[in-house]
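Heads up, the thing below is written out as structure tokens.
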Amino acid sequence: MNTLYTDIVERNGETYRFVATDKGLAYFDLYSKEDELVFYFKDAAFIQDKQRIAPYVDSVVEYFTGETTTFDFPLDLIGTDFQKQVWTELRKVPYGTTTTYSSLAEKIGRPTAVRAVANAVGRNPLLVIVPCHRVLGKDGSLTGFRGGLPLKRRLLAIEGHAY
């Protein structure tokens, strides 16, 4: 059984959930009553540990207030090799820009795997930090987003896009 460290943090009227391993941040989302951690981390033991989560909090809050555009802390991407490949490529999409699922598929050398890429993007456990909100449909339209389309619009607006 893996041990994961977690905390729920309230700042600026919002509630965030962080989960970290000894290697780095493994999960981030705006906290809701629906707990999806078991979806991402099967057979894990969760320990609340504010001290282990503290290094991640300020950067994330600063992103939401427009004070920072990058995250300079270690991550622990937990997923399949394919998912990690997609998420690693997704992390290369610069702040303030967007991409498409088909472009991501091409960049990882799997141009016919657009649907699989979309599924990997949808399974991203590090909302915002691995910037899945920057992925649009081939026609430039907003597409599904684990955090919901209103949050996707908000994140894109923070980065200078109006949708």
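Numbering (UniProt numbering), first residue to last: 1 to 163. By construction, the Cβ of each residue, glycine as well, lies at the ideal position given by its N, Cα and C atoms.
Does the pairing of the segment 123-143 with the segment 71-85 give three or more beta-carbon distances under 8 Å?
The segment 123-143, when compared against the segment 71-85, does touch it at the 8 Å Cβ threshold.
Do Arg91 and Val130 have their C-beta atoms within less than 8 Å of each other?
Cβ distance < 8 Å, so Arg91 and Val130 count as in contact.
In this structure, how does DSSP classify Phe71 when only helix, strand and coil are distinguished?
Note: Phe71 maps to coil in three-state DSSP.
Just how far apart, CA to CA, sit Pro55 and Val93?
Rounded to the nearest angstrom, the two C-alpha atoms are 24 Å apart.
In terms of residues, what are the limits of the alpha helix (DSSP H) holding Val38?
First-last of the alpha helix (DSSP H) with Val38: Leu37 to Tyr40.
Can the beta-carbon of Leu136 be found less than 8 Å from the beta-carbon of Leu142?
Yes. Within cutoff.
Just reading off the beta strand (DSSP E) that Ile8 is part of, what are its end residues?
Ile8 -> beta strand (DSSP E) spans Asn2 to Arg11.
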